[in-house]
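Peer 1:
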Amino acid sequence: MWAKIIRPFLLSDIGEGIKEVQIIQWFVEPEARVEQFDKICEVQSDKAITEITSRFDGVIKKLHYEPEDVAQVGKPLYDIDVQSDIKPEDEAILAPPAEQAGSSSTPQQPQKAAEQFQGQQKDAVSSHNGEASATKNKHAALATPAVRGLLKELKVDITDVTGTGKDGRVMKEDVHSFFAARKAESSPGDQSPKVRQQLTSDQAQAERTLPLTPVQSQMFKVMTRSLTIPHFLYADEIDITALSILRGRLNAQAFNGQRLSYLHFIIKAVSLALEDFPLLNARVEAMDGDQAPKLIMREKHNVGIAMDTPQGLLVPNIKNVSTRSILDIAAECSRLQALAKDGKLSATDLTGGTITVSNIGSIGGTYVAPVLVSSEVAILGLGKARTIPAFDEQESVIKKEIMNFSWSADHRVVDGATMARMAERVRAFTEEPGLMMARLR
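In the UniProt record's numbering, the protein residues as written are 1 to 441.
1. With a floor of 3 residues, list each beta strand (DSSP E) that falls wholly inside the UniProt domain "Lipoyl-binding" (6-81), ordered by position along the chain.
2. With a Cβ-Cβ cutoff of 7 Å, do residue 80 and residue 52 count as a contact?
3. Measuring CB to CB, does residue 45 end up less than 7 Å from residue 21?
4. Taking the alpha helix (DSSP H) that residue 219 falls in, what are its first and last residues?
5. Tell me, please, whether the stretch 288-306 touches the stretch 350-358 by the rule of three or more beta-carbon pairs shorter than 8 Å.
6. Which one or two residues does DSSP pair with residue 249 in a beta bridge?
7. Which residues bound the alpha helix (DSSP H) around residue 433?
8. What would DSSP say about residue 164, mapped onto helix, strand or coil?
9. Are residue 377 and residue 321 close, meaning C-beta to C-beta below 7 Å?
10. Just to confirm the assignment, what range does the alpha helix (DSSP H) spanning residue 397 have?
11. Quick check on residue 264: buried or exposed, where buried means 16 or more other Cβ atoms within 10 Å of its Cβ?
12. Grouping DSSP H, G and I as helix and E and B as strand, with all else coil, what is residue 386?
13. When the Cα atoms are used, what is the spatial distance from residue 429 to residue 219?
14. Taking the C-alpha atoms as reference points, what is the distance between residue 179 and residue 308?
15. By the 10 Å Cβ neighbour count, where 16 or more other Cβ atoms means buried, how is residue 312 classified, buried or exposed?
16. For residue 343, which residues of its own chain have a beta-carbon under 6 Å away from its beta-carbon, when the five flanking residues on both sides are left out?
17. Output needed for residue 238: all residues of its chain with C-beta closer than 8 Å, excluding positions within five of it in sequence on either side, in chain order.
18. Using a Cβ-Cβ cutoff of less than 6 Å, which residues in the same chain neighbour residue 123 once the five nearest sequence positions on both sides are dropped?
19. How should residue 422 be labelled, buried or exposed, when 16 other C-beta atoms within 10 angstroms of its C-beta is the threshold for buried?
20. Do residue 36 and residue 54 come within 7 Å of each other at the CB atom, strictly closer than that value?
21. Which first and last residues belong to the beta strand (DSSP E) in which residue 158 is found?
22. Given a threshold of 16 other Cβ atoms within 10 Å of its Cβ, counted over all protein chains shown, does residue 256 qualify as buried or as exposed?
23. Is it true that the stretch 148-162 meets the stretch 216-233, where meeting means three or more beta-carbon pairs spaced less than 8 Å apart?
24. Could you tell me the alpha carbon to alpha carbon distance between residue 335 and residue 146, rounded to whole angstroms?
25. Quick check: is the beta carbon of residue 165 nearer than 7 Å to any beta carbon in chain B?
26. Select from 229, 332, 433, 395 the residue whose C-alpha is nearest the C-alpha of residue 247.
27. Which residues share a DSSP beta bridge with residue 307?
28. I need the DSSP call for residue 262, collapsed to helix, strand or coil.
29. From residue 244 to residue 233, what distance separates their C-alpha atoms?
30. Roughly how many angstroms lie between the CA atoms of residue 283 and residue 375, to the nearest whole one?
31. Using the C-alpha atoms, what's the distance from residue 63 back to residue 251?
32. So, are the CB atoms of residue 318 and residue 268 less than 7 Å apart?
33. With residue 356 as the anchor, note down where its beta strand (DSSP E) starts and where it stops.
34. The alpha helix (DSSP H) spanning residue 341 covers which residue range?
35. Would residue 148 and residue 68 be called neighbours here (beta carbons separated by less than 7 Å)?
36. Using 8 Å for Cβ pairs, my map puts residue 10 next to residue 231. What's the rounded Cβ distance?
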């Protein structure tokens, strides 16, 4: 039998040692009745967006956070009047019940009765405003964390902004347009501050303080840790003319609508080269106390792909590339890109990478200095594909397509010669794709 009792539900670890999440939206409000597995809220960690569901039947009594607030793992997320069995293993996610003021047979003191009456009034107001709150949550769910941060900075209510994005999504441009229009309508004498002003020399410098989003917080920690690693940089110019011709012929075949990019071939070329240079697929286990550092060799080639997403930089990885065809790689890239765009990448998609390829050239730039992921010893940055005039063997001017490859390696364990040989092997597969095809299993 269950006992009707209000218990705070603690935010549990959603995986990968995540310590905090940002509330995106609530699917419930106080006094809402829920059943086991009903959706309670949607949260965003530094890795992915996750839905939290109810573990019990009961009635929601209190929500401890508003949308956009950051919730800490192990702290109360919401209070629930549990109306189902509480299993022993579920006690870890529930805080102890609040001490009862007295038994039901004890008459209420006037002060207690007044407090209860005030609470009932607040509940009535909350219920009356429930519809507006739900609408606001819906709008907030359609906005990215960056947009929600901008709304907070400019003190703009998202429900006042008309979204021009897909499904009514509010974009940054919408917020700026609304803010500019509102500012233009304000009287010249309106001196309410929009940002904190800090004087520098003889002029006023406008500054505003922003909290990092969960993705930015993770990037801050990872990059800070990565930059303690001595990087060895190696860059070269690659002739992709033959690869461009092959890619064009294959795309003309329209394999189930799947188009191939240079990235898909290069990912496969990297995997083939790793078979000859497995050191570049390893990870370093650094010194811990009296233990000496170790190299952990890894058999599977899980190639990470750096992606620019609405949430920020994410690096999902394609598992076991050595067993995949180039078409398989293209299909998996498309799947990961679609999930990343919607913020739906899983922890599995985002963990376990062994080497990374960053296609920064799709945005622009030629040479880059990519920063290592601390659990890897090599990363490849791809520059922009471009066409240049060149001389052939007969000294005639021809058109050549090139791309710059920029490598970074962990110089604690990877020497320059090994990195250069690995890069040359990838160059050979890329410049003469027939060699790559000959190595496919």
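Note that the Cβ used here is the ideal one computed from N, Cα and C, for glycine as well.
Peer 2: Let's see:
1. 20-26, 39-44, 49-53, 58-63, 70-72
2. Sequence index remark: in the sequence shown, residue 80 carries index 80 (1-based). Sequence index remark: in the sequence shown, residue 52 carries index 52 (1-based). No, they are not a contact pair.
3. Sequence index remark: in the sequence shown, residue 45 carries index 45 (1-based). Sequence index remark: in the sequence shown, residue 21 carries index 21 (1-based). Yes.
4. Here residue 219 refers to the residue found at position 219 when the sequence shown is read from its first residue. 214-226 is the extent of the alpha helix (DSSP H) around residue 219.
5. yes
6. Locating residue 249 in the sequence shown gives position 249, counting from the first residue. None, per the DSSP bridge assignment.
7. Looking up residue 433 in the sequence shown gives position 433. Residue 433 -> alpha helix (DSSP H) spans 433-439.
8. Counting from one through the sequence shown, the residue named residue 164 turns up at place 164. Per DSSP, reduced to three states, the secondary structure at residue 164 is coil, with no helix or strand assignment.
9. Here residue 377 refers to the residue found at position 377 of the sequence shown. Here residue 321 refers to the residue found at position 321 of the sequence shown. Going by C-beta atoms, residue 377 is not nearer than 7 Å to residue 321.
10. For the purposes of this step, residue 397 is identified with residue 397 of the sequence shown, where counting begins at 1. Boundaries around residue 397 are those of the beta strand (DSSP E), 397-410, since no alpha helix (DSSP H) includes it.
11. Against the sequence shown, residue 264 aligns to sequence position 264. With 16 or more other Cβ atoms within 10 Å, it is buried.
12. As a working note, residue 386 is residue 386 in the sequence shown. DSSP places residue 386 in the strand class (E or B) of the three-state scheme.
13. Residue mapping note: residue 429 aligns to position 429 of the sequence shown, counting from 1. Residue mapping note: residue 219 aligns to position 219 of the sequence shown, counting from 1. Each residue's Cα considered, the two are about 32 Å apart.
14. Start at 1 with the first residue of the sequence shown, and residue 179 comes out as number 179. Start at 1 with the first residue of the sequence shown, and residue 308 comes out as number 308. Their backbone Cα atoms lie some 26 Å apart in a straight line.
15. Numbered from its first residue, the sequence shown carries residue 312 at position 312. When all chains shown are included, residue 312 counts as buried.
16. Here the question's residue 343 lines up with position 343 in the sequence shown. Here the set comprises 49, 311.
17. Locating residue 238 in the sequence shown gives position 238, counting from the first residue. The residues are 402, 403, 404, 405, 427, 430, 431.
18. As a working mapping, residue 123 is identified with position 123 in the sequence shown. Confidence is the limiting factor: at residue 123 the pLDDT is only 48, short of 50, which leaves the residue's position unreliable, though a coordinate-based value still follows. Excluding sequence neighbours, residue 123 sits near nothing in its chain.
19. Working through the sequence shown from its first residue, we reach residue 422 at position 422. The residue in question, residue 422, is buried, as its Cβ has 16 or more Cβ neighbours within 10 Å.
20. Numbered from its first residue, the sequence shown carries residue 54 at position 54. Numbered from its first residue, the sequence shown carries residue 36 at position 36. Taking 7 Å as the Cβ cut-off, residue 54 and residue 36 qualify as a contacting pair.
21. Locating residue 158 in the sequence shown gives position 158, where the first residue counts as 1. Here residue 158 belongs to no beta strand (DSSP E), and DSSP marks it neither H nor E.
22. Translated into the one-based positions of the sequence shown, residue 256 becomes position 256. Its Cβ having fewer than 16 others within 10 Å, residue 256 is exposed.
23. Too few Cβ pairs lie closer than 8 Å, so no.
24. For the purposes of this step, residue 335 is taken as the residue at position 335 of the sequence shown. For the purposes of this step, residue 146 is taken as the residue at position 146 of the sequence shown. Using only the alpha carbons, I get a separation of about 23 Å.
25. Of the protein chains in the structure, only one exists, and it is not chain B.
26. By 1-based counting over the sequence shown, the position of residue 247 is 247. For the residues 229, 332, 433, 395, the minimum Cα distance to residue 247 belongs to 433.
27. Position 307 of the sequence shown, counted from the start, is the residue given in the question as residue 307. Looking at the DSSP assignment, residue 307 forms a beta bridge with 314.
28. Walking along the sequence shown from the start, residue 262 turns up at place 262. Three-state result, residue 262: helix.
29. For this step, residue 244 is matched to residue 244 along the sequence shown. For this step, residue 233 is matched to residue 233 along the sequence shown. Residue 244 and residue 233: Cα-Cα distance of roughly 27 Å.
30. Taking the first residue of the sequence shown as position 1, residue 283 is located at position 283. Taking the first residue of the sequence shown as position 1, residue 375 is located at position 375. Roughly 6 Å between the two C-alpha positions.
31. For the purposes of this step, residue 251 is taken as the residue at position 251 of the sequence shown. For the purposes of this step, residue 63 is taken as the residue at position 63 of the sequence shown. Approximately 52 Å, taken between the alpha carbons.
32. The sequence position of residue 318 within the sequence shown is 318, counting from 1. The sequence position of residue 268 within the sequence shown is 268, counting from 1. Between residue 318 and residue 268, the C-beta spacing is not below 7 Å.
33. Looking up residue 356 in the sequence shown gives position 356. 355-358 is the extent of the beta strand (DSSP E) around residue 356.
34. Reading the sequence shown from its first residue, position 341 is the one you call residue 341. Element bounds for residue 341: 326-342.
35. Mapped onto the sequence shown, residue 148 falls at position 148. Mapped onto the sequence shown, residue 68 falls at position 68. Contact: yes.
36. Residue mapping note: residue 10 aligns to position 10 of the sequence shown, counting from 1. Residue mapping note: residue 231 aligns to position 231 of the sequence shown, counting from 1. About 41 Å separates the two Cβ atoms, so there is no contact after all.
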